[in-house]
Amino acid sequence: MKRFPFFSAGLATWLSVALLCSGCSTDAGDTGGEGAIGGSGSSGGDGGGGSGNGGTGASVDGGGGSGNGGDGGSGGCEPYGAACDCEDGWHATDHDWDCWPWTKCQGDEVAINLPNDYVDRACARLEFLDQFGTAGYDTATAVAANPDGTICVSGARLQGPGDAARSLGGFVRAYGADGSLLWDQSFDGDGANVTDVAIDPAGNCFSLGLASQPQGGVGQWFVRKHTGAGAVAWAATGSTQAQTPQQLEVDPDGNVFASFVTRSPEASTDTPQHTELVKYDASGALSWSASVGNDDVARSYFALAGREAVVVRSPSTVTRLTGEGSVSWEKTYQGAEISNVTDAAANATGYAFLTGDTTSSSSGRLLVLDPSGNGTPLGVPTYLPTKVRSGEDGAVWLQDWDGISAWSAAGQWFYSLGELSFPVAVHDFASIPGFVVLVGEPTQPLAGQTNLGLWDAVVVKLRVN
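Read in order, the letters of the sequence shown are residues 8 to 472 in the numbering used here.
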């Protein structure tokens, strides 16, 4: 995988220039060669902005010609930190002080951002892009997608920039496959936000979050089902005194699973906690609630494997529950298999996927669990993985230091979005056969979009087939 996906075009250009100019001088002009016997001396090399020195003729016949003064380059940022003077269509990178040409989009790619002296053009096979928000700070943090292309996006309005900023409200939005906004629902509240979003086979959106969380006080969490117009069809609520909402999933029958950790959102993440899983039927009635494990965990993750739940408690304990809430099996994996789990996903055939590291390597591992809990490392190169998703087409999607990539269940590489120095900070993603949907906030000006506030949210759908 490439660390710098949009550097490849610039690298090719650099190599071409290097090959063409392998005899060129980059400083003062080279001294011309001495004239051969009976001939004339060669002209001095073109200087990289200086003047070439004339060749010295040999004593027999020829005389050296004068070297040509070097043409100026495309400009640069030397010394480092000085204003760039790149020509139009060129940019300077933070890897050097030279100017490089903007990447040229190929085939059906289009420019996602607005390149300038400091920013290269980012190209992608764009299906649609929507930048939205208020006059303040907004970010999209979760996305769920249906195979028919319907997309649910959620996030928060923040008091200021950064992950530690206090939330002032939340939102849920639904998009059609063509990018049309179907509906948009937002709400205000002290500490309010939407933690996660899910979608059922019919395309209905579900949301999990905080209706309120006063600083130093007790708030209220919620689970909501939204109608096709965005209205709340039903809602379940509870106190945040000892419950912090985490993740949300919907099974093929429309049953809703919400996971919690048993501590207040106001408590330190170092506070001892357990994992709790709650199931609601399609009408919103409580089916069951289960405390998973009796140990204190630092982090927990949850995924649905068909109609069964897989709960992972860091560093590496996995519990599988039936649709009725009873424990099917529980296993703690050795550090050589996986440790410090960072995320979990599962598919309809019952397989689960864990990201983390091992005791022998901190770089990263993707571990595949069969329905009985037997683990097999998926031999994919990964560095500091943070998220894993399972696609409807059988692909396993991975986000790590190098970006977002898709792999087969056997470890065959399918696709890579590279580092996504792509002008969006990606907080979550979801796959649809032939597409991937990214949500977050822009880090650069986006083509065809208008900045609405101090920090906007964005959803991007890309073609990957």
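For each residue, glycine too, the CB sits at the ideal point set by N, CA and C.
Per-residue burial, residue i [other beta carbons within 10 Å of its own, 16 or more giving buried]
{"i": "Pro430", "result": "buried"}
{"i": "Val467", "result": "buried"}
{"i": "Asp7", "result": "The first residue shown for the chain is 8 and the last is 472, placing residue 7 beyond what the model contains."}
{"i": "Thr492", "result": "Absent from the model: residue 492. The displayed extent of the chain is 8 to 472, so no value can be given."}
{"i": "Val239", "result": "exposed"}
{"i": "Leu427", "result": "Low confidence applies to Leu427: its pLDDT is 49, below 50, so where it sits in the model is not reliable enough to give any reading."}
{"i": "Gln253", "result": "buried"}
{"i": "Lys286", "result": "buried"}
{"i": "Leu293", "result": "exposed"}
{"i": "Glu399", "result": "exposed"}
{"i": "Ala232", "result": "In the sequence as presented, Ala is not what sits at residue 232; that position holds Lys. The residue is buried, with at least 16 neighbouring Cβ atoms inside 10 Å."}
{"i": "Arg173", "result": "exposed"}
{"i": "Leu165", "result": "buried"}
{"i": "Gly54", "result": "Note on Gly54: pLDDT 35, under 50, position unreliable in the model; no value is reported."}
{"i": "Leu463", "result": "Per the sequence shown, the amino acid found at residue 463 is Asp instead of Leu. That one is buried."}
{"i": "Asp350", "result": "buried"}
Proximity below 8 Å, CB of residue i to CB of residue j
{"i": "Thr247", "j": "Ser266", "result": "no"}
{"i": "Ala402", "j": "Ser438", "result": "yes"}
{"i": "Tyr308", "j": "Val348", "result": "yes"}
{"i": "Gly380", "j": "Arg327", "result": "yes"}
{"i": "Ala310", "j": "Ala352", "result": "yes"}
{"i": "Leu424", "j": "Leu373", "result": "no"}
{"i": "Phe436", "j": "Val150", "result": "yes"}
{"i": "Glu448", "j": "Val465", "result": "yes"}
{"i": "Ser271", "j": "Ala249", "result": "yes"}
{"i": "Ala163", "j": "Ile206", "result": "no"}
{"i": "Gly313", "j": "Ala355", "result": "yes"}
{"i": "Gly186", "j": "Glu116", "result": "no"}
{"i": "Val160", "j": "Val446", "result": "yes"}
{"i": "Ala209", "j": "Gly460", "result": "no"}
{"i": "Gly357", "j": "Pro384", "result": "no"}
{"i": "Leu469", "j": "Ala131", "result": "yes"}
{"i": "Glu273", "j": "Gly223", "result": "yes"}
{"i": "Tyr144", "j": "Gly167", "result": "yes"}
{"i": "Thr100", "j": "Trp109", "result": "no"}
{"i": "Val318", "j": "Leu284", "result": "yes"}
Cross-strand partners of residue i (DSSP beta bridge)
{"i": "Ser335", "result": "The partner list for Ser335 (beta bridge, DSSP) is empty, contrary to what the question assumes."}
{"i": "Trp462", "result": "Tyr144"}
{"i": "Pro108", "result": "Trp97"}
{"i": "Pro384", "result": "Leu374"}
{"i": "Pro449", "result": "Val431"}
{"i": "Ile439", "result": "Phe442"}
{"i": "Asp126", "result": "The question names Asp, but residue 126 in the sequence shown is Val. Per DSSP, none; premise fails for Val126."}
{"i": "Arg132", "result": "DSSP lists no partner for Arg132."}
{"i": "Asp191", "result": "Arg180"}
Beta carbon proximity, residue i to chain E, threshold 8 Å
{"i": "Gly156", "result": "Chain labels in this structure do not include chain E; a single protein chain is all it has."}
Expected contact under 8 Å - CB spacing of residue i and residue j to nearest Å
{"i": "Thr329", "j": "Glu344", "result": "Thr329 to Glu344, Cβ: 24 Å. No contact."}
{"i": "Asp127", "j": "Cys93", "result": "Contact doesn't hold; Cβ gap of about 11 Å is too wide."}
{"i": "Gly332", "j": "Ala297", "result": "5 Å"}
{"i": "Phe213", "j": "Val268", "result": "About 19 Å separates the two Cβ atoms, so there is no contact after all."}
{"i": "Gly3", "j": "Thr202", "result": "Examination of residue 3 is not possible in this model, given that the chain is present from 8 through 472 alone."}
{"i": "Trp408", "j": "Trp414", "result": "The pair is not a contact, with the Cβ atoms about 16 Å apart (cut-off 8 Å)."}
Touch test, the stretch 152 to 162 against the stretch 182 to 190, Cβ-Cβ under 8 Å, three pairs minimum | When Cβ pairs closer than 8 Å are counted between the two stretches, the stretch 152 to 162 is seen to touch the stretch 182 to 190, the count reaching three or more.
Do three or more CB pairs link the stretch 356 to 376 to the stretch 390 to 397 at distances below 8 Å?
-> By the Cβ rule, the stretch 356 to 376 counts as touching the stretch 390 to 397, because three or more pairs are nearer than 8 Å.
At a cut of 8 Å, does the stretch 332 to 340 reach the stretch 306 to 324 through at least three beta carbon pairs?
-> They touch, by the three-pair rule.
Is the stretch 223 to 243 touching the stretch 191 to 204, taking contact as three or more C-beta pairs under 8 Å?
-> Yes, the stretch 223 to 243 touches the stretch 191 to 204.
Touching by the beta-carbon criterion (3+ pairs, under 8 Å), the stretch 450 to 458 and the stretch 131 to 150 = Touching, per the Cβ criterion.
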